[in-house]
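Please read the structure below before turning to the comments.
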Amino acid sequence: MLVIDGSHGEGGGQVLRTSLTMSVLTGISVRIENIRAHRSRPGLMKQHLTSVLAASAICNANVVGAELGSLFVEFHPGKVQPGDYRFAVGTAGSATLVLQTVLPALMQADAPSTLVLEGGTHGANAPSFDFIAHSYLPIVNRMGPQIQAELVRYGFYPAGGGQFRITVTPSATLTPVYLLERGEILQIDICAVLSRLPKSIGEREIYMITSRLGWDRGIGRVEEVRNSIGSGNAVIVTIRSTHVTEVFTGFGQRSISAEKVGQTVANEVQEYLEAQVPAGHHLADQLMLLLAQAKGGAFRTISLSQHSQTQLAILTRFLDVRFVKKQINNKVWEIAVV
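Residue numbers for the sequence shown, in my numbering: 7 to 344.
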């Protein structure tokens with residue numbers, strides 16, 4: 007059994023989720039200790055517990071420590087069981103992070119699966135549904151599996167209540183992906199999504215982003231949604247290029263002005279564009295796992311974050327793969343599995 011220190015590196019829920027994902031994929035039992043030990047509320051929160059239970063459900067695992075507040079989880083996986091699943095976080099905790107925990111195993115299973123996930127779809131410190139649907143899944147689909155995503159209902163903090171559906175047509179083998187160039191930028195879109203909030207908030211976010219980046223304000227639009235159970239706001243910048251689509255999302259909060267939300271997203275987009283890489287920070291974390299699964303491939307990204315370093319460390323504990331990191335310049339790194 008592998009023992010993973012949950013306080014290592016980034017020290018958050020990522021260590022837990024990646025360890026669970028790799029345990030299900032490899033069949034290796036794992037004990038994760040010191041889960042979120044240095045957070046203000048250490049141990050498993052509802053979102054993390056849902057990931058544990060979801061990983062357990064898809065492989066009939068034997069689990070110890072699966073309870074709120076637990077500082078450890080012992081996970082003994084069984085065989086992956088494709089099927090129809092519904093996972094509900096029950097709060098505004100991220101449903102997309104639960105998906106990322108179970109999808110790698112299901113996309114290489116021996117039969118199709120369908121998933122209904124409920125919880126937060128657009129919230130801070132987690133990938134938005136738009137990132138999953140438009141950036142991450144198209145790359146997965148290039149590798150062999152065919153995965154479709156449908157947003158049923160937005161889920162914002164603090165009410166949550168979002169829902170999306172995933173259909174998985176698996177592939178036993180994965181074709182390595184090489185994402186070394188972004189290519190020509192084909193389209194840029196800004197969408198400010200609002201639920202039960204003044205339209206002017208989205209307009210201010212769009213104004214800030216376009217002004218900061220020197221873009222035509224006409225590429226922005228405001229979408230007012232009616233079926234979310236609570237109020238909320240997200241502003242989503244989608245950059246579609248020849249070889250990749252990247253998605254950057256800012257999330258409105260009561261204590262942060264619309265201008266600040268827009269500026270934060272604009273800064274992230276500017277860093278990405280100036281580096282001239284295909285993959286931003288969030289996509290890089292997911293590509294590492296995909297390359298490890300495929301046992302090959304390469305991509306270029308912005309300077310490695312602590313999240314990325316933590317991801318690499320966990321992956322190599324489970325798989326006999328070698329990651330080669332090469333610094334191209336002061337802004338760009340190339341990551342390859344050889």
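All C-beta atoms in this analysis are idealised placements derived from N, C-alpha and C, irrespective of residue type, glycine included.
Close Cβ partners of residue i (< 7 Å) along its chain, the five nearest in sequence each way excluded
| i | result |
| --- | --- |
| residue 302 | 182, 343 |
| residue 178 | 114 |
| residue 7 | 35, 36, 37 |
| residue 26 | 57, 58, 61, 81, 107 |
| residue 207 | 200, 239, 258, 264 |
Beta-carbon proximity list for residue i, same chain, < 6 Å, skipping 5 on both sides
| i | result |
| --- | --- |
| residue 9 | 37 |
| residue 325 | 298 |
| residue 235 | 165, 167 |
| residue 205 | 228 |
CB of residue i within 8 Å of CB of residue j, strictly
| i | j | result |
| --- | --- | --- |
| residue 59 | residue 74 | no |
| residue 150 | residue 185 | no |
| residue 197 | residue 227 | yes |
| residue 42 | residue 71 | no |
| residue 95 | residue 79 | no |
| residue 242 | residue 251 | no |
| residue 194 | residue 145 | no |
| residue 97 | residue 125 | yes |
| residue 285 | residue 337 | no |
| residue 39 | residue 312 | no |
Spatial neighbours of residue i in its chain, beta-carbon cut-off 8 Å, leaving aside the 5 residues before and after
| i | result |
| --- | --- |
| residue 339 | 306, 307, 308, 309, 310, 331, 332, 333 |
| residue 268 | 210, 211, 212, 213, 214, 215, 218, 241, 256 |
Environment of residue i [buried if 16+ CB atoms lie within 10 Å]
| i | result |
| --- | --- |
| residue 188 | buried |
| residue 321 | buried |
| residue 164 | exposed |
| residue 83 | buried |
| residue 18 | buried |
| residue 403 | The requested residue 403 is not part of the displayed model; the chain covers only 7 to 344. |
| residue 136 | buried |
| residue 50 | buried |
| residue 33 | exposed |
| residue 23 | buried |
Beta-carbon separation (whole angstroms), residue i vs residue j, contact threshold 8 Å
| i | j | result |
| --- | --- | --- |
| residue 240 | residue 257 | 5 Å |
| residue 141 | residue 253 | 5 Å |
Chain B within 8 Å of residue i, Cβ atoms only
| i | result |
| --- | --- |
| residue 179 | Given the protein chain composition of this structure (a single chain), no chain B is represented. |
Do the stretch 162 to 174 and the stretch 121 to 129 touch if we need at least three Cβ pairs shorter than 8 Å? The stretch 162 to 174 vs the stretch 121 to 129: in contact.
State whether the stretch 204 to 215 contacts the stretch 155 to 164, with contact taken as three or more CB pairs (one from each stretch) at a distance under 8 Å. no
Below 8 Å, can you find three or more Cβ-Cβ pairs linking the stretch 329 to 338 to the stretch 214 to 226? no
Is the stretch 198 to 208 touching the stretch 288 to 295, taking contact as three or more C-beta pairs under 8 Å? no
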